[in-house]
Structures are given as structure tokens and as C-alpha cells.
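Here is the structure we will look at, set down as C-alpha cells.
Residue numbers (the numbering used here): 19 to 127.
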């Protein structure tokens, strides 16, 4: 959620991230769970902490998120997509054509 806000540029460098309490209230999750998620973003270098003020978006946050998601895509989503295409007897060339067509028709946002 915070990562998506950073990627979609709803959160910018040095913007304050939602607090643990805000996050837990909005998404109806336990505050401890919200804190773990925010701390994970802190450990990954996506957020930084200002003592007594909260957490804020780092300068490299967007680059870090994009790189992490590219790796996830390469190792997770792409192999599953290729396996499913093979099950459906769609060749790699046909799959590429489908992607190109979808992109040119504006389906990919």
C-alpha cells in the first residue's frame, strides 16, 4: 500500500508515511502488524525515521521498490505466466504478440 503510493507518486521523497495507528485503523489490522510492516520498509531503505516525528519516504524509495518488484516479477510472476501459456498451448511468440497488442490497445496501465 505504501509502496504502491510511492510508485504512483502519491507519496514523494520526504513525505510522511502513515503512522502505525493510522495504518492499523484505515486497513483494520492489528497495530503490531502495521508496525512490523512499517519496520520492514524501514529496513529495506524505503522509509527513514525521524525521532518523535514518524517515518518518511527516502530519496531512493522508488528505485528500491522498482528493483525489488522486478526481481519478484522475474522469479515469481514470469515463470507462472509462461507455465500457464504452455498449458494453454500459447507459444512464446504468441504471448509476446498478446502483450504487444494489449499494450497498444491501452490495457496496460
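C-beta: ideal position from N, C-alpha, C; glycine also. Only a predicted model underlies this, so the values are computations on that prediction, with no experimental measurement involved.
Can you tell me where the beta strand (DSSP E) holding residue i begins and where it ends?
{"i": "residue 25", "result": "Taken as a continuous stretch (DSSP letters only), residue 25 belongs to no beta strand (DSSP E), being part of the alpha helix (DSSP H) at 20 to 25."}
{"i": "residue 72", "result": "72 to 75"}
{"i": "residue 65", "result": "65 to 68"}
Rounding to the nearest angstrom, what Cα-Cα distance links residue i and residue j in this structure?
{"i": "residue 31", "j": "residue 90", "result": "24 Å"}
{"i": "residue 107", "j": "residue 88", "result": "26 Å"}
{"i": "residue 51", "j": "residue 35", "result": "16 Å"}
{"i": "residue 55", "j": "residue 80", "result": "17 Å"}
Give me the residue from the options with the minimum Cα distance to residue i.
{"i": "residue 76", "options": "82, 83 and 64", "result": "64"}
{"i": "residue 24", "options": "78, 67 and 38", "result": "78"}
{"i": "residue 19", "options": "71, 83, 68 and 67", "result": "83"}
{"i": "residue 70", "options": "116, 113, 37 and 22", "result": "37"}
Residue i lies in the alpha helix (DSSP H); which residues open and close that run?
{"i": "residue 29", "result": "Segment: none, residue 29 is in no alpha helix (DSSP H) and carries neither H nor E."}
{"i": "residue 41", "result": "38 to 44"}
{"i": "residue 118", "result": "110 to 122"}
Classify residue i: buried if its beta carbon has 16 or more other beta carbons within 10 angstroms, exposed otherwise.
{"i": "residue 47", "result": "exposed"}
{"i": "residue 92", "result": "exposed"}
{"i": "residue 29", "result": "buried"}
Is the Cβ-Cβ distance between residue i and residue j less than 8 Å?
{"i": "residue 58", "j": "residue 73", "result": "no"}
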